[in-house]
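Here UniProt numbering is used: position 638 in the sequence shown is 638, and no number is missing along the way.
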Amino acid sequence: MPPNMLSTASSKDSQDDRKSDADGSFGAFLSFISGDGGSPTPPPHRDASRTHDASTTPPLDIEEAAVIDGIDVDATDDELGTSTAKNDAEEDGPARNADASAPHHVKYPPSLFTNDRGNLKAVAFVVRRPCLIFSVIVAICILLTFLLQVMVFRNADGSPFTPPQNEFNMKDVRSVQYDSYRLARDEVQASRKVNEAGDKVIPRQSEVAAIAMWVFEAEEVGDSDPNNDLAGGGVFGSAESISAMKEAYDIFLSDPGYKSQCLLDYRSWATGGVSGGGGVDADSNTTAEAEDERKCIPPLTPLSMYYASEWDTEMVSAVIEELKDPLKLEIFNSLALCFARGQYCEQVIDDVSPEDAIWATQLVANITSISSKFDMEGELVEDYDQVTELASYLIQVDVFKGYVDYGFDLGFSAENPVSRYSRGIVFWGGPMVETNKTEEEESGWGSVDPEDDARKEYVKTNYLEAMDDQASMGKHATINSYYFMTSIIGDVILGIAGKDAMLAMFSFAFIFLWLQINTGSWFLAFVGLLEIGISIPVSWFIFTVVFQIKYFATLNALALFVVAAIGADDICALYSPLSALPRLLPYPLILNSFLPCINEMPPVIFMDAYKQSRYHLDILTDLETRMSWVYRRTGLAMGITSWTTCAAFLCCLSTPLPGLQSFGIFAALVIFIDYVLVMTMFCTAVIIYHNRYENNAKFGCCCPCGPVINPDNTDRARIAVEEGDGEIKRDFVSEFFRTKVAGFVKVPLHRLAIFVVFLTWLGVVIWQATLLEGTLTIGNDLDLCDIVLHCIHINPTNALATKENEQFLNENHPLQKSITILNEQFPTAEDDIGLKVYYVWGLEEVDRTGVNRLVEPTYHGKPVFSPEFDFNSKCQTDLLSFCDRLKTDSQYKQLIKRKDGLGLVYCFIEELAAFNVKGDLNDCGYVRKGEWRNETWQVDPSDFKSIMPKFLKQKTCFDETQVETVGSRYQDEIGWDGLEMKFAAISSESNKLDPWGTDGESMTRKEYDQFVTIAEEQAKISQSCGGNIIMTDLNEKFAFMNNQVIYVNSAITSSLYGVAIAFVVLLLSTRVFHCDAPLSPQLVALFASLTIMSVLISVIGTMSMMGWQLGSIESTLIGIIAGFSVDYVVHLAHAYEIAKGDTNARITEAFGDLGISVFNGMITSVGASIPLFFCQLQFFAKFGTFLCLVIAFSWVFANFVFMSVLAQLKIPLKEKGCRL
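Below is the structure:
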């Protein structure tokens, strides 16, 4: 049945029931805003000569016939009684009176929100004063932005964003132990600073102030050498490769000025001083002349071997021959700790024969003699292959492996003496002059090095150009070089971020251009982009000042892209670009690109309704009536999608992480404010456009000082309809959706093909989604059902989280390549810094009373010290035994990082004991060899107050640079607050984990569980020291391990919650279902929700196909899929519900009315996401890809799958229906 026949054939009963619910919801809300303004005088009838003939009435769309608020379009002329009122004259153009010959008929009775004419009071007020109201809205937004600057930005310490530290579940055992120790340590250090105030002398250039890291990669060889896929046997396989690497270091070493910037060698033998000196300043035994003769610490690189100042080929050959024998190597490893370091000799001295002792002593002397010349001051050793061979054997000797293990990759061994990768560090020293520092400044807490900027400028001026040249592609035929330096890495990252920001600006430029194309007005396009942009500071003000939420996460920056995508969709759907077509003629290329999107969008969203209203005489009495009809029609339609998106973002509140909670609240607030601004600022701008610019612009431009159009465009539209020139003319694309797409879906064979393709695709993506188990850690062989149950916390005992490190930049970026090589291609070397794991006695769990991170981000609770803790002699003895076990027990060899053949343990008890025996730490040999163990070394608790101040100022014997103090080395382990020992800690470095990397959850948990086991075995110490043990790290590694589980759980739970919310919203928004069906009234909402679920699965499956890992970025994005994917299916479901006729008629009208609107929104979002594909920062690149995937799948599934289901099942909807 044709649309016009459907509209005129509706019954009187159905007419009474087609009153829009918007009157009771959105329309009432808008009227409430306007207050109790006076109602205009009921207008007289319009002139009889202008009474329209039913035969000339343009055909009404089904949706229009079903729901036209305030006007019963199916009534007769006498029943209709259309009339107008002449409004007061004002600057924006007068409303037009009509003749008084027809009776006035009002569908909506006068109320608090509706005037006597049935129009919304708020709309009536806006129509009378659009320029004033627009100016007030803009002024309010500007004022709030200014207040945000004054009240928030000016009071921010450098950045308004909350630093992303301490981002964890406050109730998790790992975060509880972390804060219990961290807060106690901070309190003790603050107290010690007050009670033992004093400065410490820091010699010039004695501390590492910056590093320059070089990473080298051997070029691959093609098929010419089937036995070796590396150029010349790796980076050390040819003189050319070795010389190329040396060039990188010579950039610094050959510069005379480098000595004024390098890390100076303060070891006693560097200037001919005596060994030891633990208790005196590092330079106290040297003259000024000797001070000037100090050398720079050589770079940490294997090239120190290849460029040794001396190379004894015969001695090296002898050493290699000895180490080639596996049995001799085993014996030597068992003896070297005693004969090379003089430590723990009691463990081997009884079993060694005199011959073995002599042999081991001689071998130690030979290796020591050879390694003492590793100084990078000679020429390239002629037999460089011998150097490589020596390194392959030394790396197996526990005591000497530290000389060579840093620069060779994981695959390097005696069996395979080839290293494809190498690395090295050039050290920069500070401070530049001798400096006095407090203990707090020495520890680095809250301090900023004022010399960083000067150092950065020095590097950029003297070295950066040469470094870039060395790292350029093709510089060397056999190797690729990469570098990064801590002093300039910030500028590099900012440069990358700046370029990516420019790409992101292309997204907004596209949105602006698309708005202009769709609205046909530069004025409306500008206002549209303005309301998108200004919604951010307005929301920020409400978020921070009104709601008093001080935790503003860095993730909140994503909200700008969210509102850009959603806001542009709303505005594009707000405006029907029928009248914009002539303005596009000067832009043929753009028109050819976007012509499929330039068409008339039927009345669903604001401007669709506005443009469509020009063809219906019954609402063209004046602008007030016309805009009331438009407001009522569009408020709920856009509100549905906005409210659903807000609810989807608020699902982030289900996570315990404050950063995600902050993002969810802020994003929801931004969407809400954007909706409010669209319905106020932009809609008011449309009225201004109607009064001044519509059909009055010159070459697509609008003059703000232009006169009011007279007669106005509403009068012109009414005259056109009355004269028969207002017939609706559908453009090609709109007609294509109404006829071709709808026709395709209505064919049963086509639907069968759609279902087959869809189900096949769904099977593929479900399979691919399960492959994410390969990048996850899943306990106890879970299947997909178990994963979902776990993620909704039904089965919380198993772990599901990320497995691998996340990339920060594009994998092809040189900086990311170097980071990836460092993370994946090198073993843990002795010179690598491992994660420190602490075992602490003397503390109880932190008091979390009053903690609310959203309101007070910096407050984590109060530390609680155990009243049972007693650092007595027995406690000290047990702690020392614990240290010895961690150092020497072979079962911890793979868990605890080794140095000089021992586990790397920070045990202040050793130096405290030696100091208590001798009164100083000058004799470091005495300290390291443990000769003090033969004395009574335990410290009486009553002596701590007199011993500790002097002890903390001693130079530690375990610092190779001989400048670090005991207080600095054990600043975290010693719980002395200046008056008493509050706690005591022993720490060790992890062999697998480092303090900075974002290691996968599986590897971290494996290490964590082993450290927990060690802690559980120390019940004896807990008994002697009192209180329970706390095991934690201070780099949030273990807390982040749990966060990775939370990210994944939150992604799934938020998605499921989002789908559930979408179901409820769809159920409420569609309202009318077949009440006689067994599954009514949930059917349409159920199918729409299943469509959203299909989008969720498709996106996850596609991410797996693309090789993405399920990290924090991906998990966060998955959690908001429902919010992004609900729009299109909601619009189509709503259009299907309010259409009239049988299923085929409803399908036709739904596609005709909304097909182009949905398509236009899809093009906007996809087009805006494309520039983000090319960003180097993975967050933006992944967000662009994610947005494109979600929008594309949502559009395809909503248009073809969802509508095909409705067409196949032929769900009949009663005209009167059942209201929820």
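All C-beta atoms, glycine included, are put in the ideal place defined by N, C-alpha and C.
Treat the numbers as computed from the prediction; the structure is a model and nothing was measured.
- request: For the stretch 886-904 and the stretch 867-875, state whether three or more C-beta atom pairs, one from each stretch, are separated by less than 8 Å.
  value: Contact between the stretch 886-904 and the stretch 867-875 is absent, because fewer than three Cβ pairs lie under 8 Å.
- request: Quickly, what does DSSP pair residue 1221 with across the bridge? List them, please.
  value: Nothing in the structure corresponds to residue 1221, since the chain is present only between 1 and 1220.
query: For the candidate residues Glu844, Ala720 and Leu112, whose alpha-carbon lies nearest to that of Val173?
result: Nearest neighbour of Val173 by Cα position, chosen from Glu844, Ala720 and Leu112, turns out to be Glu844.
- request: Take Arg692 as the anchor and find which of Tyr551, Leu530 and Ser521 has the nearest alpha-carbon.
  value: Of the residues Tyr551, Leu530 and Ser521, the one whose Cα lies closest to the Cα of Arg692 is Ser521.
- prompt: What does DSSP give as the partner residues of Thr965 in its beta bridges?
  reply: Partner(s): Lys955.
message: If you reduce the DSSP assignment to three classes, tell me which class Ile202 lands in.
response: Correct three-state label for Ile202: strand.
field: Minimum C-alpha distance to Leu1187 - residue among Val1205, Ile1163 and Gln1176
entry: Nearest C-alpha to Leu1187: Ile1163.
- prompt: So Met467 packs on Tyr482, CB below 8 Å; how close in whole Å?
  reply: With a beta-carbon spacing of about 10 Å, Met467 and Tyr482 fall beyond the 8 Å limit used to define contacts.
task: Would you kindly work out how many angstroms separate the C-alpha atoms of Lys1210 and Leu147, rounded to a whole number?
output: Looking at the two C-alpha atoms, the distance is approximately 56 Å.
task: Measure the C-alpha to C-alpha separation of Ala753 and Ile821 and round it to an integer number of angstroms.
output: So the alpha carbons of these two residues sit roughly 48 Å apart.
field: 8 Å Cβ cutoff met for Ala239 and Trp214
entry: Cβ atoms of Ala239 and Trp214: not closer than 8 Å.
- prompt: Going by the CB atoms, is the gap between Phe882 and Ile986 shorter than 8 Å?
  reply: For Ile986 and Phe882, yes; Cβs fall inside 8 Å.
query: Are there 16 or more other CB atoms within 10 angstroms of the CB of Val316, so buried, or fewer, so exposed?
result: With 16 or more other Cβ atoms within 10 Å, it is buried.
- prompt: Do you know whose CA, among Leu390, Ala501, Leu300 and Phe1124, lies nearest Glu322's CA?
  reply: For the residues Leu390, Ala501, Leu300 and Phe1124, the minimum Cα distance to Glu322 belongs to Leu390.
Alpha-carbon to alpha-carbon, Ala365 and Phe374: Looking at the backbone, the Cα of Phe374 and that of Ala365 are separated by about 15 Å.
- prompt: Can you name the residues that DSSP bridges to Ser481?
  reply: Paired residue(s): Phe216.
- prompt: In angstroms, rounded to a whole number, what distance separates the CA positions of Tyr344 and Asp884?
  reply: Per the coordinates, the alpha-carbon of Tyr344 lies some 9 Å from the alpha-carbon of Asp884.
task: Can you give me the start and stop residues for the alpha helix (DSSP H) that Phe672 sits inside?
output: Residues Pro658 to Leu677.
Rounded Cβ spacing between Leu335 and Ala360 (contact assumed at less than 8 Å): Right, the Cβ-Cβ distance comes to about 4 Å (below 8 Å), so this counts as a contact.
- prompt: So what does Leu1177 bridge to, in DSSP terms?
  reply: The bridge partners DSSP lists for Leu1177 are Leu809.
query: So, is Glu911 buried or exposed, given that buried needs 16 or more other C-beta atoms within 10 angstroms?
result: Answer is buried; the Cβ neighbour count reaches 16.
- request: Note down the Cα distance separating Gln825 from Ile1052, rounded to an integer number of angstroms.
  value: In this model, Gln825 and Ile1052 are separated by some 33 Å (Cα to Cα).
- prompt: Residues in its own chain within less than 6 Å of Ala308 by CB, not counting five upstream and five downstream?
  reply: For Ala308, the CB contacts under 6 Å within the same chain, skipping 5 residues up- and downstream, are Lys373, Phe374 and Gly378 in chain order.
message: Helix, strand or coil for Asp847? Go by DSSP, reduced to three states.
response: In the structure shown, Asp847 falls within a strand segment according to DSSP collapsed to helix, strand and coil.
- prompt: Excluding sequence positions up to five away, which residues of its chain have a Cβ less than 6 Å from the Cβ of Arg1100?
  reply: The residue asked about is misnamed: residue 1100 is Ile in this sequence, not Arg. Excluding residues up to 5 positions away in sequence, Ala769 lie with their Cβ nearer than 6 Å to the Cβ of Ile1100 in the same chain.
query: Are residue 1247 and Ser413 closer than 8 Å when you measure CB to CB?
result: Outside the shown range of the chain (1 to 1220) lies residue 1247, about which nothing can therefore be said.
task: Identify which residue in Lys499, Ile137 and Glu811 has its Cα closest to the Cα of Pro1171.
output: For the options Lys499, Ile137 and Glu811, the alpha carbon positioned closest to that of Pro1171 is the one of Lys499.
query: Who are the Cβ neighbours of Val433 in its own chain at under 8 Å, not counting the five residues just before and after it?
result: Excluding the 5 residues flanking it on each side, Val433 has same chain C-beta neighbours closer than 8 Å at Arg204, in chain order.
message: Between which two residues does the alpha helix (DSSP H) holding Ile986 run?
response: Not the alpha helix (DSSP H): Ile986 falls in the beta strand (DSSP E), residues Met981 to Glu989.
- prompt: Span of the beta strand (DSSP E) holding Tyr421?
  reply: Run containing Tyr421: Tyr421 to Gly430, per the beta strand (DSSP E) assignment.
Own chain residues within Cβ distance below 6 Å of Phe1174, not counting five before or after: Excluding residues up to 5 positions away in sequence, Leu503 lie with their Cβ nearer than 6 Å to the Cβ of Phe1174 in the same chain.
Span of the alpha helix (DSSP H), counted from its first residue to its last, around Lys887: Looking at the DSSP string, the run of the alpha helix (DSSP H) that includes Lys887 is Ser873 to Thr888.
task: Excluding the 5 residues preceding and the 5 following Phe1200 in the sequence, name in chain order all residues of the same chain whose CB lies nearer than 6 Å to its CB.
output: Ile754, listed in sequence order.
field: Inter-residue spacing [alpha-carbon to alpha-carbon] between Met1105 and Arg969
entry: For Met1105 and Arg969, the gap between their C-alpha atoms comes out near 48 Å.
- prompt: In or out: Thr1013 buried (at least 16 other Cβ within 10 Å) or exposed?
  reply: In the assembly as shown, Thr1013 is an exposed residue. Its beta-carbon has fewer than 16 other beta-carbons within 10 Å.
field: Residue range of the alpha helix (DSSP H) that includes Gly528
entry: Where Gly528 is concerned, the enclosing alpha helix (DSSP H) stretches over Trp522 to Phe541.
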